[in-house]
Amino acid sequence: MADEEQDQEGTGAPTRALVTREVFLDTEAFRRLGFDTGKPSIIALLGHIGEERLQLHLTDITLSEIRRQIEASAEKAVEEIRRARTTEASWRKRAPTAVGSEKKLLKPLDAAKVGREAFEQFKNDLRPFNNHDASAQTGTEIFKAYFAREAPFDGQGGKSVKEFPDAFVIAALQEWCESEDTLMYVVTSDEAMLRAAGAKDRLVAVRTLDELLEVATLQHSPDVLTTVETIIAEPEFEHQLSEALDRTIDGLGTIYMGDLVEGEAGEALRAGDPEVVDWTVISASDTAYGVIVEFDIDILVQVNFDDISMASYDNEDGVYIGAEPGEDEVEENVRLRMFIQVDEDCSIKRAELLTGEVSVYGPFENYK
């Protein structure tokens, strides 16, 4: 629960009250959310914008960086889809009844087209926003900062060329704020960008979008913290959160990191009750609250591995002779993050697991 006031200088979080409705999101802030405008934090941001509590700002440089990264992601995704299609076609021939027949001819994929369409959809989902021509900034002051090793050039010996785009962006945002006599939040976890924004008198550095959303929500609904705290303290909330996890846990990836040979983790199942350790309110309405909850939970995971307890090691080939397939269940305590939309009666209407994957390390029995 983020309820500690911090100053606005340097890399601090915003204070309890919004100091401005203007907000800029860095490329890194969008990358953390997978450039997915369907993520709860972006949906909440758009809700605040729609109700005119916040106004989004971007720059031409930021959009160019986002486009490049979305197109790179599209290339990887298309390659994965192609491999999956090849695998599916192979197995359809081997087991046509079980896999099923192909209903229609699949459309060939063009990675470039996929990337362009995804980027245009991304922009359309965010509109309306104020776009600033950062690349048109004169370089005089920026080069002065570069040679003086001022932020964002104060890291890596103070001469990092890759920080130039950030410097142009910061200069454009500062200039606009001066012309409008206002302030602007700069949301980024990039350390150099945070320092650069914190050094400007018109920019307020914020590390995460969720921090800013909480402030906007609390200003809109000042009693929301007390209400949500009461909801989470109810015994029924633990039950509702457990059921929400049961509905979404199939999206949790597991990676085996223990000592079992060729260990591979399977799907996770809930093996206990959640223990809430932190929460952040990012949206509120008359009937529901959008909350990001962090909680510890015991999960049960099946691990498949090579049982070498009765095997011999071939030094020449570097393999175990006589290893047998083995499996065991691992119980692991992990910390998860989840977005929930919860009513005052503790009913969770919507849940999305934000943690993508966790590591498991057991079992600790000796199979060697």
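Sequential numbering of the sequence shown, starting at 772, is according to the working numbering. From the three backbone atoms N, C-alpha and C, an ideal C-beta is built for every residue, glycine too.
For residue i, which residues of its own chain have a beta-carbon under 8 Å away from its beta-carbon, when the five flanking residues on both sides are left out?
i     : result
A942  : A905, Q908, E912 and I913
V1048 : E1065, F1066, D1067 and R1106
E799  : T959, S960, D961 and M964
D1077 : L1031, V1032, E1033, Y1091, A1094, E1095, P1096 and G1097
V885  : A845, A848 and V849
E859  : V870
With a cut-off of 8 Å, does the C-beta of residue i fall near any C-beta of chain B?
i    : result
P899 : Of the chains in the structure shown, none is chain B; there is only one protein chain.
If distances are taken between C-alpha atoms only, which option among the options comes closest to residue i?
i     : options                      : result
I1070 : V1131, L1012 and D1057       : V1131
L825  : K884, H991 and K847          : H991
V1117 : I813, A1015 and K894         : First, the residue type needs correcting, since residue 1117 is Cys and not Val in the sequence shown. Of the candidates I813, A1015 and K894, the one whose C-alpha sits nearest the C-alpha of C1117 is A1015.
R898  : S844, D937, L796 and L827    : L827
E836  : V885, K933, P879 and V790    : K933
F801  : R853, L829 and H819          : L829
A1133 : K810, D972 and M1028         : Inspection of the sequence shows that residue 1133 is occupied by Gly rather than by Ala. Selected option, being the one with the closest Cα: M1028.
T1019 : V957, F1110, L983 and Y1084  : F1110
R792  : A1039, R856 and D952         : D952
S1056 : G818, L789, G809 and E873    : G818
I1003 : D1030, I814, I1119 and E1100 : I1119
E891  : S950, P993, R839 and T979    : R839
T1126 : Y1060, G1024, A845 and P993  : G1024
D896  : L816, A987, D1099 and F795   : L816
R803  : T979, P936 and D994          : T979
F795  : N902, F893, R854 and G1061   : N902
E823  : G886, D797 and F900          : F900
R1108 : E1102, A843, A1122 and L944  : A1122
H1010 : V999, G1043 and E1038        : G1043
D925  : R973, A967, W947 and P936    : A967
E949  : A882, R973, F806 and R865    : R973
E1046 : L1012, N1075 and G871        : L1012
R887  : S861, S1083, A843 and P936   : A843
I813  : S1054, E946, T858 and R865   : S1054
D807  : G821, K894 and A860          : K894
Ignore the nearest five residues each way along the sequence and tell me which others in residue i's own chain have a CB closer than 7 Å to its CB.
i     : result
T1058 : D1114
F939  : I832, A905, S906, Q908 and I913
I1026 : A1036, E1128 and S1130
R856  : L877
F1008 : I1002 and C1117
E1005 : C1117
G1022 : L1124
A889  : I841 and A845
D1017 : R1041
G809  : none
A882  : A845, E846 and V849
W947  : H903
What does DSSP give as the partner residues of residue i in its beta bridges?
i     : result
S763  : Shown here, the chain extends from 772 to 1139; a query on residue 763 therefore has no answer.
E1123 : F1110
F795  : H828 and V957
R802  : None; R802 has no bridge partner.
V1072 : A1039 and V1101
P1096 : D1077
D1067 : E1046 and R1106
Y1084 : Y1091
E1128 : G1024
What residues in its chain sit with their C-beta under 6 Å from that of residue i, if we drop five residues either side in the sequence?
i     : result
T1051 : A773, D981, E985 and I1063
D994  : none
N1075 : E1035 and E1098
Assuming the contact rule is C-beta atoms closer than 8 Å, residue i and residue j should be a hit. Round their C-beta distance to whole Å, please.
i     : j     : result
L954  : V975  : 6 Å
R1106 : D1067 : 5 Å
I852  : L880  : 6 Å
P811  : G1061 : 6 Å
Q1073 : E1103 : Not confirmed; about 12 Å, so no contact.
E850  : R863  : 20 Å between Cβ atoms; not a contact.
D797  : V957  : 7 Å
A987  : L834  : That belief does not hold up - the Cβ atoms of A987 and L834 are roughly 23 Å apart, past 8 Å.
Quick check: does the Cβ of residue i come within less than 7 Å of any heavy atom belonging to the ligand ADP?
i     : result
I1092 : Of the ligands one can find in the structure shown there are none, so the ligand ADP has no counterpart to examine.
**Item:** Continuous beta strand (DSSP E) assignments of at least 3 residues falling wholly in the stretch 815 to 895
**Value:** Segments of the beta strand (DSSP E) lying fully in the stretch 815 to 895: 826 to 830.
**Length at least 4, wholly inside the stretch 936 to 1010: the alpha helix (DSSP H) runs in chain order** = Entirely contained in the stretch 936 to 1010, the alpha helix (DSSP H) runs reaching 4 residues are, in chain order, 962 to 969, 980 to 991 and 995 to 1004.
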